Amino acid sequence: MRAFFLVALLGALFFASCAHFPPEETGPPKDAPKADSPADPRLESGQQLLKQGKNKEAIAEFEAALKTNPGNQQATAGLRQAQKKLKEEREKVIQNLTQLNDKGLEFYRREDALMAGLAWKEALDILRAQSDSTLERELPFRAEEITGRLEQLIRVLVDKGVLLYRQGELQSAISAWQDVLLIDPDHTEAKDYINKARIKMDTLEKLSATPTAP
1 MRAFFLVALL GALFFASCAH FPPEETGPPK DAPKADSPAD PRLESGQQLL
51 KQGKNKEAIA EFEAALKTNP GNQQATAGLR QAQKKLKEER EKVIQNLTQL
101 NDKGLEFYRR EDALMAGLAW KEALDILRAQ SDSTLERELP FRAEEITGRL
151 EQLIRVLVDK GVLLYRQGEL QSAISAWQDV LLIDPDHTEA KDYINKARIK
201 MDTLEKLSAT PTAP
């Protein structure tokens, strides 16, 4: 009887000790760690464009990468960097355009038509090269203002050449029209006047070289 109770006690202790250990999982095996996901081509493209200084294009690529994977930290960092650089670039362009406009006005006040025209022409070229149509809103002037001043200034130079031509100062007239071509290389009227003046100069030179009859 005593041996029976001893066996029962040992059995109870065995089952109690087994209760402290969790049962082994019998379900399907856990998935193996996933390999690194392939690189995002839009992310790589954005990073490359950023290195090339093409900030606007880089922004578009980073935004596309984030649409696919909103949690992509590299794309987020690249987007912020590209936006910052684009803003700095925009501010620099605005500053440059403002300085060129002011420089043109200063030369105009000094009656230096050529330098004024070159400054305004450069400002217009830079402005037209920008793909951002909203840039002009942040400028203290409008492109139409500079275009109007430039056309007026060119007209003054052309008329100055005509006046000098009529006064017989052919070389000075040609110089005035050449200034026009420095500002606007395709100015047809100035080209025609220069050609006309040179023909007249050649004619006068030939006449002066012809010996007079005794």
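Heads up, the sequence shown is in my numbering, so the first residue is 1 and it goes up one at a time.
Glycine included, every Cβ here is placed at the ideal spot set by N, Cα and C.
These numbers come from a predicted model, not from an experiment.
In three-state terms, what does DSSP make of residue i?
i      : result
LYS160 : helix
GLU138 : helix
LYS56  : helix
GLN167 : coil
ARG2   : Note that ARG2 has pLDDT 49, beneath the 50 cutoff, so the model's placement of it is unreliable and the number below is only indicative. ARG2 falls in the helix class under three-state DSSP.
SER222 : The question about residue 222 has no answer, for the chain in this structure spans 1 to 214.
ALA39  : coil
PHE62  : helix
HIS20  : With a pLDDT of 48 at HIS20, under the threshold of 50, the modelled position of this residue cannot be trusted; read the value that follows with caution. Note: HIS20 maps to coil in three-state DSSP.
LYS34  : Note that LYS34 scores a pLDDT of 40, beneath 50, so its modelled location is shaky; the value from the coordinates is reported in the next line. DSSP places LYS34 in coil when its eight states are reduced to three.
Could you check where the alpha helix (DSSP H) with residue i kicks off and where it finishes?
i      : result
GLN73  : 73 to 109
ALA129 : 113 to 129
GLN178 : 170 to 183
LEU202 : In the sequence on display, residue 202 carries Asp and not Leu. Segment 188 to 209, the alpha helix (DSSP H) holding ASP202.
PRO70  : Careful: PRO70 lies outside any alpha helix (DSSP H) and carries neither H nor E.
Do residue j and residue i count as a contact pair if the criterion is CB distance below 8 Å?
i      : j      : result
ILE59  : ALA77  : no
LEU97  : GLN74  : no
GLY217 : ALA113 : This structure cannot speak to residue 217, because the chain is shown only from 1 to 214.
LEU170 : LYS200 : yes
ALA215 : ILE183 : Examination of residue 215 is not possible in this model, given that the chain is present from 1 through 214 alone.
LYS92  : ASN55  : no
VAL180 : LEU163 : no
GLU136 : LEU127 : yes
GLY46  : GLU61  : yes
HIS187 : ILE154 : yes
Check the C-beta distance from residue i over to residue j and give it rounded, since I have them as a contact under 8 Å.
i      : j      : result
LEU100 : ALA64  : Actually they are not in contact, since the Cβ atoms of LEU100 and ALA64 sit about 36 Å apart, beyond 8 Å.
LEU49  : GLU57  : 5 Å
TRP120 : LEU150 : 5 Å
ASP102 : ASN69  : Going by Cβ atoms, the distance from ASP102 to ASN69 rounds to 47 Å, so no, they are not a contact pair.
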